[in-house]
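Novice: Here this note's numbering is used: the first residue of the sequence shown is 109, the next is one more, and so on. Glycine included, every Cβ here is placed at the ideal spot set by N, Cα and C. Only a predicted model underlies this, so the values are computations on that prediction, with no experimental measurement involved.
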Amino acid sequence: MSTATATTNIIVTHACGHAHARDLSDTAASLRSDKAKWWATQECKPCNAETFAARQRAKPVSAEVKAARAARLQMALDDAQRMNLPPLQGSEKQIPYGTELRYDAMRLLYEELVQSERMTEDEYDEKVTTLARRINRAKFWIEHKESSIDDFLLDLADPGDQNIGTENPY
């Protein structure tokens, strides 16, 4: 369960029973409620890390699975290069996962919008591809992996300050 303390700050009681403060200011407005509900169904970060590590130790990954993952990632990277999408930023785990999710999202959006004739190719380039080029954070694509088409279009147009990383901090 979560309790609102401000518009973008909440206290979440996780499934493990631990409570933590969460700042949702870096999350698009349409996703805040769902994110708070999702956190309440998950273990807190320390408990989840212990559970995940135990599961990983118990399950080895075959060479075939590793090869299939590498091929899928390469396909996503090739497509990103073809579309002039920027390399994603994030953790070592977020970058490949976000790259694959971006590939899936762009394909789905193209199928749903252009192939179904909701948009022309030019409109798609303007309203989807051009806006997607501004977003170089893997986090954005991971958070939107289950978004509806309309929510995706809304958040591509206004992803929030934390999801566009175009400035060099150095």
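Is Leu132 buried or exposed, if buried means 16 or more other CB atoms sit within 10 Å of its CB?
Specialist: Looking up residue 132 in the sequence shown gives position 24. With 16 or more Cβ atoms within 10 Å of its Cβ, Leu132 is classed as buried.
Novice: Just reading off the beta strand (DSSP E) that Val120 is part of, what are its end residues?
Specialist: As a working note, residue 120 is residue 12 in the sequence shown. Its beta strand (DSSP E) spans residues Asn117 to Thr121.
Novice: Go ahead and pull the three-state DSSP assignment for Phe260.
Specialist: Along the sequence shown, one-based indexing puts residue 260 at 152. The answer is helix: DSSP assigns Phe260 an H, G or I state.
Novice: Flag this pair as yes or no: are the beta carbons of Tyr211 and Asp187 separated by less than 8 Å?
Specialist: Within the sequence shown, residue 211 is the residue found at index 103, counting from 1. Within the sequence shown, residue 187 is the residue found at index 79, counting from 1. Yes, the pair counts as a contact, with Cβ atoms nearer than the cut-off.
Novice: How long is the line joining the alpha carbons of Gln189 and Leu196, rounded to whole angstroms?
Specialist: Taking the first residue of the sequence shown as 1, we reach residue 189 at position 81. Taking the first residue of the sequence shown as 1, we reach residue 196 at position 88. Their Cα atoms are separated by approximately 12 Å.
Novice: Give the single residue among Ile243, Met214 and His122 whose Cα lies nearest to the Cα of Glu254.
Specialist: Within the sequence shown, numbered from 1, the residue matching residue 254 stands at position 146. Ranking the options by Cα distance to Glu254, first place goes to Met214.
Novice: Rounded C-beta distance between Thr135 and Lys143? I'm assuming under 8 Å.
Specialist: In the sequence shown, the residue the question calls residue 135 occupies position 27. In the sequence shown, the residue the question calls residue 143 occupies position 35. About 6 Å separates the two Cβ atoms, so the contact holds.
Novice: Please work out which residues of its chain come closer than 6 Å, Cβ to Cβ, to Met227, disregarding the five sequence neighbours upstream and downstream, and give them in chain order.
Specialist: Counting from one through the sequence shown, the residue named residue 227 turns up at place 119. Result list for Met227: Leu221, in chain order.
Novice: Give the DSSP bridge partners of Gln197, in chain order.
Specialist: Taking the sequence shown and counting its residues from 1, one reaches residue 197 at position 89. Looking at the DSSP assignment, Gln197 forms a beta bridge with Arg245.
Novice: Alpha helix (DSSP H) containing Asp131: first to last residue?
Specialist: Here the question's residue 131 lines up with position 23 in the sequence shown. No alpha helix (DSSP H) holds Asp131; the beta strand (DSSP E) holding it covers Ala127 to Asp131.
Novice: Out of curiosity, what's the CA-to-CA distance linking Ala246 and Leu239?
Specialist: Reading the sequence shown from its first residue, position 138 is the one you call residue 246. Reading the sequence shown from its first residue, position 131 is the one you call residue 239. Near 15 Å, if we compare the C-alpha coordinates of Leu239 and Ala246.
Novice: Can you give me the C-alpha to C-alpha distance between Ser141 and Cys155, rounded to a whole angstrom?
Specialist: Your numbering for residue 141 matches position 33 in the sequence shown. Your numbering for residue 155 matches position 47 in the sequence shown. When rounded, the distance between both Cα atoms is 23 Å.
Novice: Can you have a look at Asp266 and say buried or exposed, based on whether 16 or more other CB atoms are within 10 angstroms of its CB?
Specialist: As a working note, residue 266 is residue 158 in the sequence shown. When all chains shown are included, Asp266 counts as exposed.
Novice: In three-state DSSP terms, what is Lys145?
Specialist: Position 37 of the sequence shown, counted from the first residue, corresponds to residue 145. In the structure shown, Lys145 sits in a helix (DSSP, three-state: H, G or I).
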